[in-house]
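In the numbering used here, the protein residues as written are 1469 to 1644.
Written out as structure tokens, the structure is:
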């Protein structure tokens, strides 16, 4: 059996603690430098004028000096308009089809095909929708959708009722 002096054992434990502290400090220093490099990279590549000078600065004082030294000019003008055109409004329902209209047509489709409620209803519905869009009958697709009167509960602009006075433009988008 080997006897190790107790003073050596304590010194060894202190050394391990110092190594762990040094390793922890190196890790914190690395994280700090990494964050600063990300910020510096952003400042160098941003299109915001003046921030690029901050990225070129070697310390905080130079950065603030460059930032506040950058010339700026702000002009604010207030214009009063007496008349304003009616703003653009978009009414959109996330469900493009009305249930009552599509359900009646879907039931007729089920009668004319070999799909029934017993079969996979999702598969039959997909076939129905595919047939609807493949027929290129836009008026039929529009009839299954919502009318402006279904979506617009009321419309007032400058105290005038605009629900029936304006012509609403309907357009179909495959994205929405």
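We treat Cβ as the ideally placed atom computed from N, Cα and C, and that holds for glycine.
Residue environment, residue 1627, which counts as buried when at least 16 other CB atoms sit within 10 Å:
Answer is exposed; the Cβ neighbour count stays below 16.
Just confirm the distance between the C-beta atoms of residue 1612 and residue 1570, as a whole number of angstroms; I'd bet it's less than 8 Å.
With a Cβ gap of about 5 Å, residue 1612 and residue 1570 count as contacting.
Going by the beta-carbon positions, is the gap between residue 1596 and residue 1565 smaller than 8 Å?
No, they are not a contact pair.
Unbroken alpha helix (DSSP H) run spanning residue 1562, endpoints
In this chain, residue 1562 is not harboured by any alpha helix (DSSP H), its DSSP state being neither H nor E.
C-beta contact flag for residue 1610 and residue 1600 at 8 Å
Taking 8 Å as the cut-off, the beta carbon of residue 1610 is found no closer than this to the beta carbon of residue 1600.
Looking at the unbroken alpha helix (DSSP H) that takes in residue 1547, where does it start and where does it end?
Counting along the chain, residue 1547 falls outside any alpha helix (DSSP H), and DSSP gives it neither H nor E.
Hey, could you find the ends of the alpha helix (DSSP H) residue 1591 is sitting in?
Its alpha helix (DSSP H) spans residues 1589-1602.
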